[in-house]
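Residue numbers (this note's numbering): 74 to 471. Glycine is no exception: its CB is placed at the ideal position from the N, C-alpha and C atoms. Only a predicted model underlies this, so the values are computations on that prediction, with no experimental measurement involved. Each remark here refers to the structure printed beneath this line.
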C-alpha cells in the first residue's frame, strides 16, 4: 500500500520456492498475468505519440502482411476489447494447458488460434480476450522493428528505473522470481507448464512491488506520454474498460484497477490518483481472492465496513450423496469424482483436482482456495447437475 508516494503498509508471507525452502520477501518477483496489459497499451500509445500508430486506423496497417485479421478491426478495438475476435481460452478448445505447452510458432499460433471467424462485428460488443493483446504486441514489434520485451525494457522499464520488471520470454533467467503453486488433491504442487510466449502482450510480466510502485508513480505523474495520449489511456469505453485498465467510481472517488489470473497467479492493482493511494497485491498461489482482499482494504481505508469473509461451515455428506454429482461434464476436459469420501472438481486437462465441500443444498466451495462465489452444482428445479455451464453428460468418466 502506497500513500502520498511512500509505502505505508507492506506484508509478505509464504514461499517463493517450496522446493528450496525460500520464503517470499518484498523483493521477490511475481508473475503479474493480465496486469501486463496496461504496459502493452502504454507502449502502443508511446508509438502513437511518435506518429507511428493511429489508434483509429485499421490494425492490419501495422501487422505483418502475412498476419492479417478481418478488415475493420482498429487498434482501438483491440485496446478496448471490442474487436469481436474469437476467444480461444475456454474449456471446449484444446489451447489452454494443451497447445500452449508446445514450442512457440508465431505463424501457427496466429493461423490456428487467433485468425478465426469473429463472433461479433468490430466495435459492437465488449469481449475480454487475450488475442487482442497478443496482436497489440505484434503491432509493437512490427512498428518498432524490435522484440516486444526489448521495446518495453528500453522505453518503459529503464526510463522509470523499474529494475525488477521483466517480460518472461521462456529463456531469460529471472532471478528472485517466485515459482507458482496450486493445490491438487489438497497437496501443494507446481502449476502445469505453459509456454510464456503464447501470452505475449496479454501476460508475461514478472515484477516486484518496488517496480510496480514506480509504474504507479509514472501514471499518476503523467510521465513518458503526452497529455493527449494519457487522455486516451484513461478514457472509459465499454464495460468500464479503458486501455489495459478498468475505471470505476467507488467511495466517491475514481479508481483505476486491473487483476491478473493465471495458474498459480493472483495479482490485483488499484490506483486512486486523486488521493495518491495505490494498493498492490501479488501472489504465487490461488489460495486468496485478490479482488475481495483488495477491495476490502480500500473500504477500510475509506471508512467503510468491508463485507464479511469467512470460511463457510461444512455440511457433511455421505459417499452416496457425493456420488450424485460425480461424472463427466465436458468429455475429456471437466468432470467431478469422489475419492476417499471427498468430492473433487477436475480441470486443466485432468491435471488439477480441486477439493470441494458442501455448504448448503447442492452448494459447494473450494476447500483450499477462497471461492469468489459458491458452486451451485444443481440449480433449483433441475435434475441434472451442472458446473461452469456444462451439464453432466455421463455418470462415467469419458
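Only residues of its own chain outside the window of five on either side were considered, and among them 154 have a CB closer than 7 Å to the CB of residue 201, listed in chain order.
For residue 117, the closest C-alpha among the options 302, 259, 286 is that of 302. The residue from 462, 109, 84 with its alpha-carbon nearest to that of residue 280 is 109.
Assignment of beta strand (DSSP E) within the segment 295-376, counting only whole runs of 3 or more residues, yields 319-323, 326-335, 338-345, 350-356 in chain order. Following the DSSP letters along the chain, one finds residue 257 inside the beta strand (DSSP E) bounded by residues 254-257.
When C-alpha distances from residue 361 are compared across 351, 338, 348, the shortest belongs to 338. In this structure, residue 432 keeps its C-beta atom at 8 Å or more from the C-beta atom of residue 379. Comparing C-alpha distances from residue 442 to each of 436, 450, 430, 451 shows the shortest one belongs to 430. Close CB contacts of residue 129 within its chain, under the 8 Å cut and outside five residues either way in sequence, are with 147, 148, 149 (chain order). Cβ-Cβ separation between residue 210 and residue 113: approximately 6 Å, consistent with a contact (criterion under 8 Å). Secondary structure at residue 448: strand, using DSSP grouped into helix, strand and coil.
Nearest C-alpha to residue 182 among 322, 163, 270: 270. Cβ contact annotation for residue 156 (same chain, cutoff 6 Å, sequence separation greater than five): 146, 150, 195, 205, in chain order. Per DSSP, residue 134 is not a residue of any beta strand (DSSP E), being assigned neither H nor E. In the three-state reduction of the DSSP assignment, residue 251 falls in the coil class, being assigned neither a helical nor a strand state.
Residue 299 and residue 143 have their C-alpha atoms some 31 Å from each other. For residue 444, the CB contacts under 8 Å within the same chain, skipping 5 residues up- and downstream, are 362, 438 in chain order. For the pair residue 221 and residue 312, the Cα-to-Cα distance works out to about 28 Å. The C-beta of residue 259 has fewer than 16 other C-beta atoms within 10 Å across all chains shown, which makes the residue exposed. In this structure, the straight-line span from the alpha carbon of residue 371 to that of residue 251 is close to 26 Å. Here residue 308 has 315 as same chain residues with Cβ atoms under 7 Å from its own Cβ, once five neighbours each way along the sequence are excluded.
With respect to residue 403, residue 161 sits apart: the two C-beta atoms are not nearer than 8 Å. Taken atom to atom, the span from the alpha-carbon of residue 415 to that of residue 397 is near 12 Å. Taking the Cα positions, residue 254 is about 11 Å away from residue 87.
DSSP lists 437 as the bridge partner or partners of residue 431.
By the neighbour-count criterion, in which a residue is buried when 16 or more other Cβ atoms sit within 10 angstroms of its Cβ, residue 241 is buried. Annotated three-state conformation of residue 283 is helix, per DSSP. In the three-state DSSP reduction, residue 272 falls in the helix class (H, G or I).
DSSP places residue 289 within a helical segment (H, G or I) once states are collapsed to three. Taking residue 208 as reference, the option from 184, 123, 341 with the minimal CA-CA separation is 184.
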